[in-house]
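Colleague:
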Amino acid sequence: MEEDDFLEHLVLLKTICLSAEAKDEPHVVAVASKNTYGDNRPVPIASLRLSVLPMISLDGFEFIPPVAFELKSGTGPVYLNGQHLILEDDEEYEARGGWLAEESLSSSAVVEEDTVTTFNSS
1 MEEDDFLEHL VLLKTICLSA EAKDEPHVVA VASKNTYGDN RPVPIASLRL SVLPMISLDG
61 FEFIPPVAFE LKSGTGPVYL NGQHLILEDD EEYEARGGWL AEESLSSSAV VEEDTVTTFN
121 SS
């Protein structure tokens with residue numbers, strides 16, 4: 001993990017969805033991630049209800065790890081879909097056999113990892 005110390009990590013949240021087995025009650029999803037003031041308290045980002053809004057697509061929700069998602073109300077299950085991005089130097093990426101298109105030459109390359117997270121209230 002020491003080699004990861006100088007890489008930039010991002011968590012991109014794309015979708016929040018209720019399971020078909022979820023109760024028809026409000027489900028509030030919150031995220032705790034360090035903000036510009038150094039606070040790390042949970043902030044609600046979505047309120048879902050099976051009969052009204054069972055799924056929401058998000059765009060532009062980027063978090064710097066560590067990130068914690070919490071189900072503040074509701075019993076779930078709730079599914080989260082997103083990506084874990086690791087930004088590397090171009091030289092390191094190309095040395096491992098990576099390829100960048102001409103129009104995307106920049107100071108960093110992106111390595112993606114899709115993730116789906118499921119959680120229930122405890």
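Position 53 of the sequence shown, counting from 1, maps to 53 under full-length UniProt numbering, and the rest follow consecutively.
Note that the Cβ used here is the ideal one computed from N, Cα and C, for glycine as well.
Bear in mind that the values here come from a model prediction, so they are computed numbers and not experimental data.
In terms of alpha-carbon separation, which member of Gly76, Arg41, Cys17 and Ile16 lies closest to Glu25?
Modeller: The candidate whose alpha carbon is nearest that of Glu25 is Gly76.
Colleague: For the beta strand (DSSP E) that contains Leu71, what are its first and last residues?
Modeller: It spans Val67 to Ser73 - the beta strand (DSSP E) in which Leu71 sits, taken as one unbroken run.
Colleague: Short of 6 Å in beta carbon distance, which residues of its chain neighbour Asn40, apart from the five on each side in sequence? Order them along the chain.
Modeller: Result list for Asn40: Ala32 and Lys34, in chain order.
Colleague: Should Gly60 go down as buried or exposed, given a rule of 16 or more other Cβ atoms within 10 Å for buried?
Modeller: It is exposed - the Cβ of Gly60 has fewer than 16 other Cβ atoms within 10 Å.
Colleague: Identify, in the order they occur along the chain, each residue of the same chain with its Cβ nearer than 6 Å to the Cβ of Cys17, setting aside the five sequence neighbours on each side.
Modeller: These residues qualify, in order along the chain: Met55 and Tyr79.
Colleague: Taking its Cβ as the centre, do 16 or more other Cβ atoms sit within 10 Å of Gly74, making it buried, or is it exposed?
Modeller: Gly74 should be labelled buried.
Colleague: Taking all protein chains shown into account, do 16 or more other C-beta atoms lie within 10 angstroms of the C-beta of Glu88, making it buried, or fewer, making it exposed?
Modeller: By the 10 Å Cβ count, Glu88 comes out buried.
Colleague: Quickly, what does DSSP pair Thr36 with across the bridge? List them, please.
Modeller: For Thr36, which the question treats as bridged, DSSP gives no partner whatsoever.
Colleague: Tell me the DSSP secondary structure of Lys14 in three-state form.
Modeller: Strand.
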